Structure formats: structure tokens, C-alpha cells
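Going by the working numbering, the first residue of the sequence shown is number 20, and it counts up by one from there. All residues carry an ideal CB built from backbone N, CA and C; glycine is no exception. Since the structure is predicted, the reported quantities are computational estimates derived from the model, not experimental observations. First the structure, in the form of C-alpha cells, and then the observations on it.
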Amino acid sequence: MPTEERLLLAEADRRALAYLDQTPARRVFPDAAAIAALAAFDQPLPEHGQTPEKVLTQLDEVGSPATVASNGPRYFGFVIGATLPAAAAAERLVLAWDQCASSFDNSPVADRLEKVAGRWVCEALGLPRESAVGFGTSATACTLACLSAARRTLLARLGWDFDADGLMGAPEIRVVLSETAHITVKKALRILGFGMNRLHYAAVDAHGRIDPARLPALDARTLLILQAGEVNTGEFDHFAELIPRAREAGAWVHVDGAFGLWARASSSAHLAEGVELADSWTSDGHKWLNTPYDSAMAICRDADALAAAMNSDAAYATASKDAQKNLTLEFSRRARGVAIWAALASLGRDGLREMIDRHIRQAGELAEALRAGGYQVLNRVVLNQVLVRGDSDEQTVAIREAAQASGEVWFGPTVWQGRPAFRLSLSSWRTRDADVQTLADLLLRLKRQL
Numbered sequence: 020m021p022t023e024e025r026l027l028l029a030e031a032d033r034r035a036l037a038y039l040d041q042t043p044a045r046r047v048f049p050d051a052a053a054i055a056a057l058a059a060f061d062q063p064l065p066e067h068g069q070t071p072e073k074v075l076t077q078l079d080e081v082g083s084p085a086t087v088a089s090n091g092p093r094y095f096g097f098v099i100g101a102t103l104p105a106a107a108a109a110e111r112l113v114l115a116w117d118q119c120a121s122s123f124d125n126s127p128v129a130d131r132l133e134k135v136a137g138r139w140v141c142e143a144l145g146l147p148r149e150s151a152v153g154f155g156t157s158a159t160a161c162t163l164a165c166l167s168a169a170r171r172t173l174l175a176r177l178g179w180d181f182d183a184d185g186l187m188g189a190p191e192i193r194v195v196l197s198e199t200a201h202i203t204v205k206k207a208l209r210i211l212g213f214g215m216n217r218l219h220y221a222a223v224d225a226h227g228r229i230d231p232a233r234l235p236a237l238d239a240r241t242l243l244i245l246q247a248g249e250v251n252t253g254e255f256d257h258f259a260e261l262i263p264r265a266r267e268a269g270a271w272v273h274v275d276g277a278f279g280l281w282a283r284a285s286s287s288a289h290l291a292e293g294v295e296l297a298d299s300w301t302s303d304g305h306k307w308l309n310t311p312y313d314s315a316m317a318i319c320r321d322a323d324a325l326a327a328a329m330n331s332d333a334a335y336a337t338a339s340k341d342a343q344k345n346l347t348l349e350f351s352r353r354a355r356g357v358a359i360w361a362a363l364a365s366l367g368r369d370g371l372r373e374m375i376d377r378h379i380r381q382a383g384e385l386a387e388a389l390r391a392g393g394y395q396v397l398n399r400v401v402l403n404q405v406l407v408r409g410d411s412d413e414q415t416v417a418i419r420e421a422a423q424a425s426g427e428v429w430f431g432p433t434v435w436q437g438r439p440a441f442r443l444s445l446s447s448w449r450t451r452d453a454d455v456q457t458l459a460d461l462l463l464r465l466k467r468q469l
């Protein structure tokens, strides 16, 4: 390696380590001055290039102050995890490898590690070991992959060759999903051509779970989408009751488990009892597993179904059916499954269970403290989500805005049953009990003041 390149990378490492050292003490959301300073980037494309050292300096000195400390201990928004040390270190090595991790031919090491990581994910979540696992960019992309497999399979059972004849004239697939289905599921459905007015919504109970008594009729043309971890309440659909009914009817069952599916690796695994009976699942690594962005998994019981839907073989680029390019949307892709392998290797079953159990415990204790301080806690807090309101809509909004402006913590708004609320998510491995106490103290103080 040339000396100049080595020195540049060493300087980048120095700056990155300095940034991480400062993260626990910095504002969680940048202040107005840091955001205003970003205008320095808004320049015309330079006629002549700058030195790499100057590029790095500007990126750090202008960019770093304007980041959100979502990898710190006091970020409670959007179920965003920090990156575990082993996963961060693995990412640095993966960057040095610079592999196009599409298949064995492009990267034997990535191919092997991602196969092992996929098997470990299924073992950790208690899902069928024969399942195919594709490592994609997000739950959105992985949902798209799984639902593509579902559509193709359902049509094939009805005698329709989707690959040859597409959708024009095809039998209609009925999509049944929760009234509280996540927006990324709806986005995937739109991309696949399922119009929003054609969807069949299942009524939910007070906790955001599908009410089995009010589930629309299911048949062999049905794609049923369930949830493991409702985005506001953290609740789970009744898998042990709903999935057998769907399978008996010949329907395909997909489970959106972006964060909640990881409860299967915890002492609260009973919350997702029966989820292993589904046909496909999606989950994120960059949420509760605390891997770097971006990282998610498309998991399909019928490995051939996912491979057939996602296959991208060509005369010049053939690969095994379980190559990542044949299980995900991307042909050219980075080896994002390596960080998942590193996270699971460093945690083991015990460490993974401890981390998830700790967040569930912290969420329960936070809810108790806020309830004792006069807040309305709107959910049962069975997982890592705490759904909160003040005494009025106005106070709820004012408290959330004041907390964000303080820089001490960050969390976001939501609406629950037509009323403003805010959602507190615990998912970072860095978050300790003292950080949760900081959040509770701030919220209790703001409620008294506002």
C-alpha cells in the first residue's frame, strides 16, 4: 500500500475513534449552528480535485457535528440500534476486502460467512433450518423479496406461470393485512402492483393485534401478512391461532418482524409462539441485533420459492441457487451478512438473550416511572416499546419538542387511536439503566414544567 494511502486511512481511523469517544457526551440531535454549517457542502462541482486529506478534513469538521447520535446511549427513536464492537470491526475489514458479494465466484469468504450467518439467524429465531436467508438492505427490500416469492407461488398453485405471463390476466391475489400494518409493507405491496384500495384489512384489538374473530375469509388465493412487534405497542399477532387457519385454507403467511422477531431469542419468546409456522419472515439486523446500517433479512421456508423469484443468473454469471444474488433484490452487493455473523459470534445465544431481556426490562421500568409521574402509558409494554401521552394533545407535543430541543435525548412522535403520543424505543446495546433514568427524569421534569 502506498504511504499516502496508509496515512490517509490512519487519519480517518483517528477521526472516527475521536468521534466515537465523544458520542456519549454529545447532543443527541445536532444544534442549529451545526445544521447551518452544512451549507459549506453546497458548492458547485469543483473544476479541479482536492487532496484526499482536505476532503476528509471537511467531511469530519463540517459533517460530524451535524450527525444524530443514534449510536449513542440516549437515542430512543425508531428502534435504531448502535453497532456492536465486533460488528463495527468486521465492517472495517469488509471495507478493506471490498468484495462484490454476489456469489462464490466473486467472494468465497463472503459466500461462506453469509451462509453460516443465515443458519445462525434461523437457529437464534427458532425458524425452520431449511429456510433460505437473503441479506438485503432493509426490511422494505426484504419484504419485497418475500412477497414476490409469495405471489409467484400462489399464482403457480392456481395454474398461472408468472415468469412467462406476468400479471396481465392473472388470477387475483387477495392480500389480507392488519389495520396497523407498517408503512414499509404497504410500500412493498404498491411496488408489486397491489393497489391500496384492493387490500383487505383485518380489524385489530386495543393492543394493535389482529382480532382472530374478525379476520377476513382466507383461501388459496390469499396472502396473509402478520406482525411480530406492532410499531407503536410492540405487540404480536396471534400466530398460533391464525397461521394454522391460513395454512389449512392454502394461503401464504408472511410475518413482518423487523424488530419484534428478535423476541424469539429472548426470555419473552412466548410472545411469538407459533411464528415459526409461517411461510416467510423479514427482520432487520440494524435494529435489535445492533449491526451497522444497512442490514436486513428475507427468510423463506421454501428456499426454492425465494430463489425462483429472485434469480439473476446469466450466461456470464451463473451461481448456485442459494447465492445471495439469487436470494435478494441486488446483484452487485456488499457483504452485509458478515456483520451479522460477527454480531452473533460475539454475543452467542446468552449475550443475545441478555441484551434483548435488558431492553424489555428497561422498557417496563421506564413505563412504571412515567405512569407514577402522571403520564398515560397507552400500551401494556410487553416488549421494548413505551407509548406515552401527557394530559392533553398540546402538552404531549410540547413535552416531545422540549425533550428533542434539550439535546439530552431524542425520540419521535406518533399517533395512536387518533391522538398525538410519543414512542420510546429501547434497542441500543449502549443504553444502560442510568441512561433510561436520565430519560425518565427529563420527562418527569418537563411534565411538571409544561
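With fewer than 16 other Cβ atoms inside 10 Å of its own Cβ, asparagine 216 counts as exposed. About 4 Å separates the CB atoms of glycine 356 and glutamate 133; that is less than 8 Å, so the two are in contact. Around aspartate 412, the same chain offers Arg438 and Pro439 as residues with beta carbons nearer than 8 Å, after the five sequence neighbours per side are excluded. For glutamine 404, the secondary structure class from DSSP, reduced to helix, strand or coil, is strand. Alanine 221 carries a strand assignment under DSSP once its states are collapsed to helix, strand and coil.
Proline 65 counts as exposed, since fewer than 16 other beta carbons sit within 10 angstroms of its beta carbon.
Comparing C-alpha distances from proline 263 to each of Leu237, Ala200 and Ser197 shows the shortest one belongs to Leu237. Contact between the region 422–430 and the region 338–358 is absent: fewer than three C-beta pairs spanning the two stretches fall below 8 Å. Here DSSP, grouped into helix, strand and coil, assigns phenylalanine 255 to strand.
Contact check for glycine 409 against isoleucine 418 passes: the beta carbons are separated by less than 7 Å. Between asparagine 398 and histidine 289 a beta carbon distance of about 18 Å is seen, past the 8 Å cut, so the two are scored as non-contacting. Contact check for alanine 315 against alanine 115 fails: the beta carbons are separated by 7 Å or more. Residues of the same chain with a CB within less than 6 Å of the CB of leucine 463, apart from the 5 flanking positions on each side, are Gly392 in chain order.
Leaving aside the five residues that flank phenylalanine 441 on each side, the residues in its chain whose CB is nearer than 6 Å to its CB run, in chain order, Val407, Arg419, Phe430 and Pro432. Secondary-structure assignment with DSSP links threonine 241 through a beta bridge to Arg193. Spatial neighbours of tyrosine 312 in its own chain (CB-CB distance under 7 Å, excluding positions within 5 residues in sequence) are listed in chain order as His305. DSSP places proline 71 in the uninterrupted alpha helix (DSSP H) bounded by 71–77. Look at tyrosine 94 here: in three-state DSSP terms it is strand.
Histidine 67 counts as exposed, since fewer than 16 other C-beta atoms from the protein chains shown sit within 10 angstroms of its C-beta. Straight-line spacing of the CA atoms in threonine 457 and tyrosine 94 works out to 11 Å. Looking at Arg34, Val81, Thr42 and Leu196, the one whose alpha-carbon comes closest to that of leucine 57 is Val81.
DSSP assignment within the region 401–443 yields the following whole beta strand (DSSP E) runs of 3 residues or more, N-terminal first: 404–408 and 431–435.
Contact holds between the region 193–210 and the region 240–248, because three or more Cβ pairs, one in each stretch, are under 8 Å apart.
If you look at isoleucine 229, you'll find it isn't in any alpha helix (DSSP H); DSSP assigns it neither H nor E.
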